[in-house]
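Trainee:
There are 2 protein chains.
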Amino acid sequence: MEVQQVLHMNGGVGKTSYANNSLLQRAVISTVKPIVDASIEELCCTLFPECLKIADLGCSSGPNTLLVVSDIIDNIRNTFQKLNRPPPSLQAFLNDLPRNDFNTVFRSLPGFYKKLDEEPEKKLGPCFIAGMPGSFYGRLFPDNSLHFVHSSYALMWISEVPKGLVTKEGEALNNGNIYIAKTSPPAVFKQYLEQFKRDFTVFLRSRAEELVPGGSMVLTTMGSIKSDDPLCIWEFVGTKLNDMVLEGLIEEEKLDTFNMPYYAPTTKEIEEVIEAEGSFILQNLEVFKNDWDSYVKQADSGLDKKTRAAIFATDIRAVGEPILASQFGEAPMDDLFRRFEADVLDHMERENCQFINLVISLTKKR
Amino acid sequence: MEVQQVLHMNGGVGKTSYANNSLLQRAVISTVKPIVDASIEELCCTLFPECLKIADLGCSSGPNTLLVVSDIIDNIRNTFQKLNRPPPSLQAFLNDLPRNDFNTVFRSLPGFYKKLDEEPEKKLGPCFIAGMPGSFYGRLFPDNSLHFVHSSYALMWISEVPKGLVTKEGEALNNGNIYIAKTSPPAVFKQYLEQFKRDFTVFLRSRAEELVPGGSMVLTTMGSIKSDDPLCIWEFVGTKLNDMVLEGLIEEEKLDTFNMPYYAPTTKEIEEVIEAEGSFILQNLEVFKNDWDSYVKQADSGLDKKTRAAIFATDIRAVGEPILASQFGEAPMDDLFRRFEADVLDHMERENCQFINLVISLTKKR
Numbered sequence: 001m002e003v004q005q006v007l008h009m010n011g012g013v014g015k016t017s018y019a020n021n022s023l024l025q026r027a028v029i030s031t032v033k034p035i036v037d038a039s040i041e042e043l044c045c046t047l048f049p050e051c052l053k054i055a056d057l058g059c060s061s062g063p064n065t066l067l068v069v070s071d072i073i074d075n076i077r078n079t080f081q082k083l084n085r086p087p088p089s090l091q092a093f094l095n096d097l098p099r100n101d102f103n104t105v106f107r108s109l110p111g112f113y114k115k116l117d118e119e120p121e122k123k124l125g126p127c128f129i130a131g132m133p134g135s136f137y138g139r140l141f142p143d144n145s146l147h148f149v150h151s152s153y154a155l156m157w158i159s160e161v162p163k164g165l166v167t168k169e170g171e172a173l174n175n176g177n178i179y180i181a182k183t184s185p186p187a188v189f190k191q192y193l194e195q196f197k198r199d200f201t202v203f204l205r206s207r208a209e210e211l212v213p214g215g216s217m218v219l220t221t222m223g224s225i226k227s228d229d230p231l232c233i234w235e236f237v238g239t240k241l242n243d244m245v246l247e248g249l250i251e252e253e254k255l256d257t258f259n260m261p262y263y264a265p266t267t268k269e270i271e272e273v274i275e276a277e278g279s280f281i282l283q284n285l286e287v288f289k290n291d292w293d294s295y296v297k298q299a300d301s302g303l304d305k306k307t308r309a310a311i312f313a314t315d316i317r318a319v320g321e322p323i324l325a326s327q328f329g330e331a332p333m334d335d336l337f338r339r340f341e342a343d344v345l346d347h348m349e350r351e352n353c354q355f356i357n358l359v360i361s362l363t364k365k366r
Numbered sequence: 001m002e003v004q005q006v007l008h009m010n011g012g013v014g015k016t017s018y019a020n021n022s023l024l025q026r027a028v029i030s031t032v033k034p035i036v037d038a039s040i041e042e043l044c045c046t047l048f049p050e051c052l053k054i055a056d057l058g059c060s061s062g063p064n065t066l067l068v069v070s071d072i073i074d075n076i077r078n079t080f081q082k083l084n085r086p087p088p089s090l091q092a093f094l095n096d097l098p099r100n101d102f103n104t105v106f107r108s109l110p111g112f113y114k115k116l117d118e119e120p121e122k123k124l125g126p127c128f129i130a131g132m133p134g135s136f137y138g139r140l141f142p143d144n145s146l147h148f149v150h151s152s153y154a155l156m157w158i159s160e161v162p163k164g165l166v167t168k169e170g171e172a173l174n175n176g177n178i179y180i181a182k183t184s185p186p187a188v189f190k191q192y193l194e195q196f197k198r199d200f201t202v203f204l205r206s207r208a209e210e211l212v213p214g215g216s217m218v219l220t221t222m223g224s225i226k227s228d229d230p231l232c233i234w235e236f237v238g239t240k241l242n243d244m245v246l247e248g249l250i251e252e253e254k255l256d257t258f259n260m261p262y263y264a265p266t267t268k269e270i271e272e273v274i275e276a277e278g279s280f281i282l283q284n285l286e287v288f289k290n291d292w293d294s295y296v297k298q299a300d301s302g303l304d305k306k307t308r309a310a311i312f313a314t315d316i317r318a319v320g321e322p323i324l325a326s327q328f329g330e331a332p333m334d335d336l337f338r339r340f341e342a343d344v345l346d347h348m349e350r351e352n353c354q355f356i357n358l359v360i361s362l363t364k365k366r
């Protein structure tokens, strides 16, 4: 499996599209906003760029894509008003893998620019929004060409499924699971951790070359308390796939040889890679936790359990479907997410099911 | 009609897609290559950029999109080899209107990069290809941020259909035609010329702000000998639409109120706008002419007349269909281009049917 070919959110604007089912990611962006604000403000006050150049890595395709840019524009305007200086122009690069649905993002840009023009109090210098397709596990921009890098809910997608999870002899190490699970042997955990370390190191090194000295990053990713803790959503999806294997609906071998290109690191693992890579100062590393469905409750506290489960299932489907369907086919997806929806909130009552989010603020050493 | 909403080549990679029917544009790019080469070489020898930043305006979506970038990469490599200097990195922005099919372009990038990597003799510094959606009749990039701008077969699309072609009272000036034709009154020509002057002035002013001093542009567009000469392909399409009106297949009013957002200027008109705008030195302005179907003959000299007509009709359809269908609907398109195909080569024998191409080389004043 070539991760670049299959890792993308559901495209378009239909019922199962990511664009219509990204409430979770929106809630995370809101929570992290004060940290992004502080970082941008610091940047504006120290670098005074004529044109602020930023990149959003793993921008996906939906309302959140331009939300980040919009928040940053608000912030720059406020900061420069406080400084009593003319605001800079802005060049924003929206990055995602080449199979991301950039067309939908681009088609929403005329409306976005129009809204900016209609709110003169939001007026910056000119604002230029470009798309930059490619993997952030490698170089994306010229040397010293960016001031700020943002990434939300993207870095947990690693560049490839660790090769060692299936031995050269074809033996699958992580039978019956699609990610690190309680029943996974230690070798599985080790393979994932090593892949994460390699990937995150390449990520940091690439960004270090691209950012100007003093430039900064705010990265939000899914994390874990201990690397093998039992709360991951993909472990739960794995149990449903396992049920379908037991009922003969999915071939056992297909499940055994499939693993998600995903890793949720601990704060300690993050800190160690940053330290070892050496280009960045870690300004801040925050952890916040939420029950799986708390963002749904937050958006509408009046929803009953059944409705909450349906929304949550659709949101996870929008994220996971392309990659799961690449292994198991489109056919079992309806059944899989029906099972997910039917059981997920009961499961939450039985086990401690939380998203753990890590927010990492970094500054490139001068 | 909002030109931004309807002006794009046929998307995707299907039978009537622009991607599969852009041989004409390819032939033009090949013809212009020596002029682009000279311009890039001059640039490399005078500016010595660490990262060469270029933009292709009106890149469309098809094999030609990356052909231009590929040619420029070859050229930079050769030039820097001659200079015995390490080659710069390259940041290339592919620009088109937001409704262009960028997804198809972006999905071909991994293969493009892979090919570059496999040809070490083609190796530059790193090469970064981004998409920049937006109208080139306005700002697209920050101040002083580009070294070279290329545009091929895009500037003949003006920003809007001249408003004066239908009077405030609803009277259509260009009855029975969709572009300047022999039977068009002088007011039609005047409206088009004024729109062109406004648009090309905005284009030059925008690029002047974006290019570094000494930066350059090579622009290829369709031109005319006299502004009202009778050779334009859209005049011919107009006669076919007129036939369909006479047969009751298209409403007369629909044809009378429709005009193409297109203008093919003379060299004199081009020179006058450049002179009046004042930011650029005109280095070179070349005219070359080709029979409508000569690019088809060139690609395969063994094709019979019927096959040549079919290829030519499909190529023009790939360009014109979205905008024509926005006025006349999808339904009459098959019929329209069948008529086009049936008559076009006979028409060429009766009249002098040529594409006139203008190649404009400009340098921003220092």
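For the protein sequence lines, the chains are A and B, in the order given. Those letters in the first sequence? Residues 1 to 366, by the UniProt record's numbering. Those letters in the second sequence? Residues 1 to 366, by the UniProt record's numbering. Where a beta carbon is used, it is the ideal one built from N, C-alpha and C, also for glycine.
Measuring CB to CB, does F328 (chain B) end up less than 8 Å from K254 (chain B)?
Mentor: Yes, they are a contact pair.
Trainee: Enumerated in chain order, which unbroken segments of the alpha helix (DSSP H) with a length of 4 residues or greater are wholly contained in the region 233-260 of chain A?
Mentor: 233-246 and 252-256
Trainee: In the region 83-160 of chain A, which residue ranges form an unbroken alpha helix (DSSP H) of at least 4 residues, counting only runs that do not cross its ends?
Mentor: 102-107 and 109-118
Trainee: What span of residues does the beta strand (DSSP E) with P213 (chain B) cover, start to end?
Mentor: Counting along the chain, the beta strand (DSSP E) containing P213 (chain B) begins and ends at L211 to G223.
Trainee: What first and last residue would you give for the alpha helix (DSSP H) that runs through D334 (chain A)?
Mentor: M333 to R350
Trainee: Note the first and the last residue of the continuous beta strand (DSSP E) segment covering V359 (chain A).
Mentor: Q354 to K364
Trainee: List the residues of chain A that A130 (chain B) touches, going by C-beta distances under 7 Å, in chain order.
Mentor: F93, A130, G131 and M132
Trainee: Quick check on the burial criterion: 16 or more other C-beta atoms within 10 angstroms. Buried or exposed for I53 (chain B)?
Mentor: Note on identity: in this sequence residue 53 (chain B) is Lys, with Ile being the wrong assignment. Label assigned to K53 (chain B): buried.
Trainee: Using a Cβ cut-off of 9 Å, pull out every chain B residue sitting near P87 (chain A), in sequence order please.
Mentor: Near P87 (chain A) there are no residues of chain B at all, since even the closest Cβ is about 13 Å away, more than 9 Å.
Trainee: What residue does the beta strand (DSSP E) around V319 (chain A) start on, and which one ends it?
Mentor: V319 (chain A) -> not in any beta strand (DSSP E); alpha helix (DSSP H) instead, spanning K305 to F328.
Trainee: Any idea if S224 (chain B) is buried or exposed, counting beta-carbon neighbours within 10 angstroms, 16 or more meaning buried?
Mentor: Classified as buried, S224 (chain B) has 16 or more neighbouring CB atoms from the shown chains inside 10 Å of its CB.
Trainee: Where A342 (chain A) and S294 (chain A) are concerned, what is the direct C-alpha to C-alpha distance, given to the nearest angstrom?
Mentor: 18 Å
Trainee: How would you label R317 (chain A), buried or exposed, when you count the other beta carbons within 10 angstroms and need 16 or more for buried?
Mentor: By the 10 Å Cβ count, R317 (chain A) comes out buried.
Trainee: Can you give me, in chain order, the residues of the region 27-60 of chain B that have a beta carbon less than 9 Å from any beta carbon in chain A?
Mentor: E50, C51 and K53
Trainee: Between the Cα of E321 (chain A) and the Cα atoms of A:A130, A:I311, A:A309 and A:D334, which residue gives the shortest distance?
Mentor: A:D334
Trainee: In terms of DSSP beta bridges, what is N177 (chain B) paired with?
Mentor: In the DSSP secondary-structure assignment, N177 (chain B) is not bridged to any residue.
Trainee: Grouping DSSP H, G and I as helix and E and B as strand, with all else coil, what is residue 368 (chain A)?
Mentor: Since the first residue shown for chain A is 1 and the last is 366, residue 368 (chain A) is missing from the structure and cannot be characterised.
Trainee: Can you tell me which of the three DSSP states Y263 (chain A) falls into?
Mentor: coil
Trainee: Leaving out the 5 sequence neighbours to the left and right, which residues in its chain are closer than 6 Å to D228 (chain A) when beta-carbon positions are compared?
Mentor: Summary for D228 (chain A): the model assigns pLDDT 49, below 50, so the residue's position carries little reliability; its value from the coordinates is reported in the next sentence. Counting only Cβ-Cβ distances below 6 Å, and skipping sequence neighbours, we find I180 and F189.
Trainee: Give me the Cα-Cα distance between S216 (chain B) and I281 (chain B), rounded to the nearest whole angstrom.
Mentor: Near 9 Å, if we compare the C-alpha coordinates of I281 (chain B) and S216 (chain B).
Trainee: Could you name the residues that DSSP lists as bridge partners for E286 (chain B)?
Mentor: Answer is B:V359.
Trainee: Would you mind working out which of B:A264, B:V245, B:L249 and B:P265 sits nearest D256 (chain B), comparing C-alpha positions?
Mentor: B:V245
Trainee: Verify the CB distance criterion: does P98 (chain B) have a CB-CB separation below 8 Å to chain A?
Mentor: yes
Trainee: Between A:F106, A:I158 and A:N144, which has its C-alpha nearest F128 (chain A)'s C-alpha?
Mentor: A:F106
Trainee: Among the residues of its own chain, which have a CB less than 7 Å from the CB of V28 (chain A), if the five just before and after it don't count?
Mentor: S152, Y153, T220 and N357
Trainee: Take S184 (chain A) and list the residues in its own chain whose beta-carbon comes closer than 6 Å to its own, dropping the five residues that flank it on each side.
Mentor: N174 and N177
Trainee: Closest to E247 (chain A) by CA distance: which of A:L303, A:V344, A:F48 and A:L336 is it?
Mentor: A:L336
Trainee: Contact criterion: CB-CB distance below 8 Å. Does F106 (chain A) meet it with respect to chain B?
Mentor: yes
Trainee: For the alpha helix (DSSP H) holding K182 (chain B), just list the boundary residues, first then last.
Mentor: From DSSP, K182 (chain B) is part of no alpha helix (DSSP H); its letter is neither H nor E.
Trainee: Residues bridged to L57 (chain A) by DSSP?
Mentor: A:N95
Trainee: Tell me the DSSP bridge mates of D291 (chain A)?
Mentor: A:Q354
Trainee: So if I threshold CB-CB distances at 8 Å, which residues from the region 131-162 of chain B count as touching chain A?
Mentor: Taking 8 Å as the cut-off between beta carbons, the residues of the region 131-162 of chain B near chain A are G131, M132, P133, G134, R139, L140, F141, P142, D143 and S145, in sequence order.
Trainee: For S89 (chain A), collect the residues of the same chain with a Cβ closer than 8 Å to its Cβ; drop the 5 residues on either side in sequence, then sort them by chain order.
Mentor: E50, C51, L52, L124, G125, P126, C127 and F128
Trainee: In chain A, which residues lie less than 8 Å from F102 (chain B) when you measure between Cβ atoms?
Mentor: F102, N103, F106 and G131
Trainee: Could you tell me whether the Cβ of P110 (chain A) comes closer than 8 Å to any Cβ of chain B?
Mentor: yes
Trainee: Should E322 (chain B) be flagged as near chain A, meaning a C-beta pair shorter than 8 Å?
Mentor: Strictly speaking, residue 322 (chain B) in this sequence is Pro, with Glu absent from that position. For P322 (chain B), the closest Cβ of chain A is not nearer than 8 Å.
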